[in-house]
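In my numbering, the protein residues as written are 2 to 107.
Read the structure below first, then the notes.
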Amino acid sequence: QKKLTVNHARIFAATTGVTGVGSLLLCNPLTSGLALFNLALYTSIYTPMKQKQPFNTWVGAVVGAIPPMIGWAACTGGAELGSWVIGGLLAFWQMPHFMALSYALK
């Protein structure tokens, strides 16, 4: 049985990351920049923190709030108040959602 090597996984991740962020550049630079920021935040901070810090949940709330902001930026080309409202709602929703799930699994 063949397994995926770490090197192959890194190549795949880099290829899909560059392709995704690059293709969003066709929409506008803000959309691409938000995607790049979220990719960096997820891979460089959130994922390593999962094994070491309970604070990772707060970082994960930000990571989860950015995709709707990316969509907003792709549609409007900007980051107007509505974008921040929807992102903020998602970020603040993450903690009670996480706590309810963790309490149920306790």
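All C-beta atoms, glycine included, are put in the ideal place defined by N, C-alpha and C.
What you are looking at is a predicted structure, and each value in this text was computed from that prediction instead of being measured.
Residue nearest to residue 72 in terms of C-alpha spacing, selected from 61, 85, 12 and 105: With respect to the C-alpha of residue 72, the residue from 61, 85, 12 and 105 having the closest C-alpha is 85.
Assigned secondary structure, residue 6 (DSSP; H/G/I helix, E/B strand, else coil): In the three-state reduction of the DSSP assignment, residue 6 falls in the coil class, being assigned neither a helical nor a strand state.
Limits of the alpha helix (DSSP H) - the one that residue 101 falls within: Taken as a continuous stretch (DSSP letters only), the alpha helix (DSSP H) holding residue 101 covers 82 to 105.
8 angstroms Cβ shell around residue 74 - same chain, five flanking residues per side excluded: Taking C-beta separations shorter than 8 angstroms and ignoring five residues to either side along the sequence, the partners of residue 74 in its chain run 28, 29, 31, 32, 35, 80 and 84, following chain order.
With 16 other Cβ atoms within 10 Å as the buried cut-off, status of residue 5: Label assigned to residue 5: exposed.
Residue 69 beta carbon less than 8 angstroms from that of residue 126: Missing from the structure shown is residue 126; the chain here goes from 2 to 107 and no further.
Cα-Cα separation between residue 12 and residue 78, rounded to whole angstroms: When rounded, the separation of the alpha-carbon atoms in residue 12 and residue 78 is 31 angstroms.
Counted within 10 angstroms of its Cβ, other Cβ atoms place residue 19 as buried (16 or more) or exposed: It counts as exposed.
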